[in-house]
Amino acid sequence: MRLRNLPLVLTVVLSSCALFQKPAPQEDTSIRFPNFHEHFATTLGEQGKPYELDGVTLRALTIAANDFIPPKGRDRQCWEKQESHRYRVIRQGDIIFVRISTDQAACDHKVLVLDAGAMYAISAEGRILRRLFDGEPENLSPASHDAGEQESQGIPVPDSQVGTTSAETAPDLPASWFDGGTPDAG
939 MRLRNLPLVL TVVLSSCALF QKPAPQEDTS IRFPNFHEHF ATTLGEQGKP
989 YELDGVTLRA LTIAANDFIP PKGRDRQCWE KQESHRYRVI RQGDIIFVRI
1039 STDQAACDHK VLVLDAGAMY AISAEGRILR RLFDGEPENL SPASHDAGEQ
1089 ESQGIPVPDS QVGTTSAETA PDLPASWFDG GTPDAG
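Converting from the sequence shown to my numbering requires adding 938 to each position, the first position being numbered 1.
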């Protein structure tokens, strides 16, 4: 092959890589995440007690942890490490649900990180069926969304009552907070 044809060959090879990439699998939004805090969890890692974890659950936990925080080099901030997080696992049939949240005690309370977790639904075969990061709405599938929308319409509130409360105001709060923002003389 001659060198003058090299740019043409490189262009064809590199563009074919982009054309034949597999699209990311579509997540199953019909999967509903369980309430991870409905029951007390058994804490693993207590000294002197044996614990057993099956391989399918371990694989699901590993997949979720590596997707949430991919293993990298050693120079990372405390919150960028897998060991600085807490993991809750619930298995329901062939789906393993994993909840990842920050461990506030892991980094000496130097930084408060909010909305820094995620929930995963992983199949027994090791495929991520659904992931939901903290702060994201749990969208429903179109069929269940329509049904839920009809149930949750509720009673409309008049605009005049929006932002009001029926509770008495605390006596130690400035009156200007409640009179529409009129500045006080003091």
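From the three backbone atoms N, C-alpha and C, an ideal C-beta is built for every residue, glycine too.
Keep in mind that this is a model prediction, so the values were computed, not measured.
- Residues of the same chain with a CB within less than 8 Å of the CB of Ser1022, apart from the 5 flanking positions on each side, are Cys1016, Thr1040, Asp1041, Ala1044, Cys1045 in chain order.
- Scanning its chain for C-beta atoms nearer than 7 Å, with the 5 sequence neighbours on each side dropped, one finds around Ala979 the residues Arg1026, in chain order.
- Under a 10 Å Cβ-count criterion, Arg1068 is classified as buried, with 16 or more other Cβ atoms of the shown protein chains found around its own Cβ.
- Rounded to whole angstroms, the Cβ separation of Ala998 and Val1036 is 6 Å, and the two are in contact under 8 Å.
- When the five nearest sequence neighbours on each side are left out, the beta carbons in the same chain lying within less than 6 Å of the beta carbon of Gly1055 are those of Ile1038, Ser1039, Asp1072, in order along the chain.
- The C-beta of Leu1070 has 16 or more other C-beta atoms within 10 Å across all chains shown, which makes the residue buried.
- Between Ile1060 and Ile1028, the C-beta spacing is not below 8 Å.
- Residue burial is scored here from C-beta neighbours: Tyr989 has fewer than 16 other C-beta atoms within 10 angstroms and is therefore classed as exposed.
- The C-beta distance from Ile1066 to Asp1005 rounds to 6 Å, short enough to meet the 8 Å contact threshold.
- In the DSSP annotation of this structure, the continuous segment of the beta strand (DSSP E) that includes Arg1069 starts and ends at 1066 to 1071.
- Rounded to whole angstroms, the separation of the alpha carbons of Val994 and Ile969 is 19 Å.
- Shown here for Asp966: same chain residues with a beta carbon closer than 6 Å to its own, the five before and five after excluded, namely Leu1067, Arg1068 in chain order.
- Distance between His975 and Gln1030, taken at the CA atoms: about 15 Å.
- The shortest CA-to-CA distance from Leu982 to any of Arg1024, Met1057, Glu1074 is the one to Arg1024.
- Rounded to whole angstroms, the gap between the alpha carbons of Glu1076 and Lys1019 is 26 Å.
- With respect to the C-alpha of Pro972, the residue from Gly1064, Tyr1058, Glu1074 having the closest C-alpha is Tyr1058.
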